[in-house]
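Have a look at the structure below, then the notes.
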Ligand code: DX5
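Numbering (full-length UniProt numbering), first residue to last: 33 to 252.
Right, here's the structure in full:
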């Protein structure tokens, strides 16, 4: 089993020096940056828009993915692709016409992902596999960093992995929420190849590089 990729969430970063933070994360050796976009409606928190993502784009070479925790994501898909996100992830809970939304993301030239909250099933997934590049299994209830990992989601991660393996498409399985040195290996064993990590990277007492190295060690 190959080692998973570390996707750094900047939700808990220092917003007064965001470009420096993404530069630090790149230097620490993470594989991607995830932007947790929140509208204060779908989730009880409000974060940043495409302009902030675009302002940080020129500073690093890392792939950017937008995790849209917003109602009506179709209204902002093009903005985040234009801002430099190569992957756009929408929540199935916010899409009236998920197949069309995923197709719209791909038509914009980006990779299309769908995220599911802890209580949401994957029953929809077989009908959109041909539009999917990524499935994000939330291992916390969305809205905030630093929450406790919901281990019961590992069965859903494995279900998503089996679905992806049945498809001809290279669909990546991602987990997000409470991922740290103590939970990363279990989520990887369950089938996740992309691990979104926020607090465990940003708040590590020895810094981002040490945090990334610690994660790589437990995943080796
Ligand atoms: C929740 C967010 C968080 C964030 C990472 O809506 O999506 O999961 O990315 O948070 P932690 O701090 O748990 O790694």
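Note that beta-carbon positions come from the ideal geometry of N, C-alpha and C, so glycine has one too.
Bear in mind the structure is a predicted one, so any value in this text is a computation, not a measurement.
Just to confirm, does residue i get its C-beta within under 7 Å of one of the non-hydrogen atoms of the ligand DX5?
i: residue 68; result: yes
i: residue 167; result: no
i: residue 101; result: yes
i: residue 75; result: yes
i: residue 96; result: no
i: residue 80; result: no
i: residue 247; result: no
i: residue 114; result: no
i: residue 219; result: no
i: residue 228; result: yes
i: residue 231; result: yes
i: residue 176; result: yes
Do residue i and residue j have their CB atoms nearer than 8 Å?
i: residue 66; j: residue 87; result: no
i: residue 234; j: residue 244; result: no
i: residue 37; j: residue 63; result: yes
i: residue 207; j: residue 189; result: yes
From which residue to which residue does the beta strand (DSSP E) around residue i run?
i: residue 123; result: 117 to 123
Quick one: residues in its chain with C-beta nearer than 8 Å to the C-beta of residue i, no 5 flanking neighbours on either side, listed in chain order?
i: residue 160; result: 130, 131, 134 and 146
Just to confirm the assignment, what range does the alpha helix (DSSP H) spanning residue i have?
i: residue 216; result: 216 to 222
i: residue 241; result: 240 to 251
Excluding the 5 residues preceding and the 5 following residue i in the sequence, name in chain order all residues of the same chain whose CB lies nearer than 7 Å to its CB.
i: residue 252; result: 35
i: residue 231; result: 44, 177 and 178
Flag this pair as touching only if the region 132 to 147 and the region 60 to 75 have three or more C-beta atom pairs under 8 Å; answer yes or no. Contact fails: fewer than three Cβ-Cβ distances are below 8 Å.
Per the contact definition of three or more C-beta pairs closer than 8 Å, is the region 49 to 65 in contact with the region 98 to 110? As far as the Cβ criterion goes, the region 98 to 110 does not touch the region 49 to 65, which means the pair count is below three.
When the Cβ atoms of the region 139 to 154 are set against those of the region 164 to 173, are three or more pairs found closer than 8 Å? Judged by Cβ distances under 8 Å, the region 139 to 154 makes contact with the region 164 to 173, as three or more pairs qualify.
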